[in-house]
Amino acid sequence: MVDKHSQSFFGQSTGLTLLSSSKSDSFIFLKCIKKKPDGSWEKPSLGEGKTIKCNLDEIIMILEVLQRNSDSWSSYHNFNEVKTQISFKWEDETKKKLLIYIGSYSKMLNFAQAEIFRLLLKHILKEKIEFSTVVKLNSGKATAGNPKGNEQRNQNNDATALPIIKESIELNESEVSQIKGIIEGETEKALLIQFNNDKEIWVPKSVIRSNYNSSNHISQNFTIDSWILKKNNIPNN
Numbered sequence: 315m316v317d318k319h320s321q322s323f324f325g326q327s328t329g330l331t332l333l334s335s336s337k338s339d340s341f342i343f344l345k346c347i348k349k350k351p352d353g354s355w356e357k358p359s360l361g362e363g364k365t366i367k368c369n370l371d372e373i374i375m376i377l378e379v380l381q382r383n384s385d386s387w388s389s390y391h392n393f394n395e396v397k398t399q400i401s402f403k404w405e406d407e408t409k410k411k412l413l414i415y416i417g418s419y420s421k422m423l424n425f426a427q428a429e430i431f432r433l434l435l436k437h438i439l440k441e442k443i444e445f446s447t448v449v450k451l452n453s454g455k456a457t458a459g460n461p462k463g464n465e466q467r468n469q470n471n472d473a474t475a476l477p478i479i480k481e482s483i484e485l486n487e488s489e490v491s492q493i494k495g496i497i498e499g500e501t502e503k504a505l506l507i508q509f510n511n512d513k514e515i516w517v518p519k520s521v522i523r524s525n526y527n528s529s530n531h532i533s534q535n536f537t538i539d540s541w542i543l544k545k546n547n548i549p550n551n
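Below, the structure written as structure tokens:
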């Protein structure tokens, strides 16, 4: 049985990698990269791309979708005050193509790729349930007469062995909304959109889930994260 797993899924413009560094870690990493305009790929080693860490609870929820028990699942990661939405959903009711959104990155897996993802993630979860939940006892002079002291030493050992990363997760019930609008301006990271109530707001491109025509003054449909609309009091009906 190997300790590390890594599987990449590449398309023409986006790549997704599932990484488990050790079966004794209670988490996995999902890494997304895009192809640059010059044809080269983003390099995570240079701080490019997007990487998120998923815990055991999230792995189970992702598997619920992959095993076709749920149509979709999404949550928000809040790391260093930066919110990142992650979402897994089937393209339609046939459940042949899986759509994965991680922040501004999106990746579609075909049937075969989704099956590989499911089987590998199921295997990784089984390993992690077995090995990452094992109680680590101090070797040497640990005695049964002082379990509290042993527990404290184990905590100290774990604290020095692993970096502490604080990451909170916020579940989101209604993740996106369909709404009409007109693009009035654009920057590298945001669109100035005028909605039907004549209100204009800057919308980060990272929360726009649909394709759009960058031409100004054209009424078009957008799929946008609901929270940004609610924050700016934009009705989505």
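Per the numbering used here, the sequence shown starts with residue 315, numbered consecutively. Where is the CB? At the ideal position from N, CA and C, for every residue including glycine. From a predicted model like this one, the values you see are computed outputs, not experimental measurements.
- For D317, the closest alpha carbon among the candidates S336, T328, T331 and G325 is that of S336.
- Contact between the stretch 408-422 and the stretch 366-382 is present: three or more C-beta pairs spanning the two stretches fall below 8 Å.
- Residue environment analysis places F431 among the buried positions, since at least 16 neighbouring C-beta atoms fall within 10 angstroms of its C-beta.
- DSSP places I548 outside both helix and strand once states are collapsed to three, so it counts as coil.
- Non-local beta-carbon contacts of G499 in its own chain, meaning distances under 6 Å to residues more than five positions away in sequence, involve L506 in chain order.
- By the Cβ test, the stretch 511-518 is in contact with the stretch 538-546, since at least three Cβ pairs between them sit closer than 8 Å.
- Spanning the alpha carbons of E395 and M422 requires a straight line of approximately 28 Å.
- Residue state for Q427 is assigned as helix, using DSSP reduced to three classes.
- The secondary-structure analysis by DSSP pairs W404 across a beta bridge with L412.
- Around A428, the same chain offers L380 and L412 as residues with beta carbons nearer than 7 Å, after the five sequence neighbours per side are excluded.
- DSSP assignment within the stretch 335-406 yields the following whole alpha helix (DSSP H) runs of 4 residues or more, N-terminal first: 370-380.
- Between the C-alpha atoms of S359 and K345 there is a straight-line separation of about 11 Å.
- If you look at K494, you'll find it in the beta strand (DSSP E) that goes V490 to E500.
- Taking the Cα positions, S338 is about 11 Å away from K440.
- Across the structure, I438 and E372 are spaced so that their CA atoms are roughly 13 Å apart.
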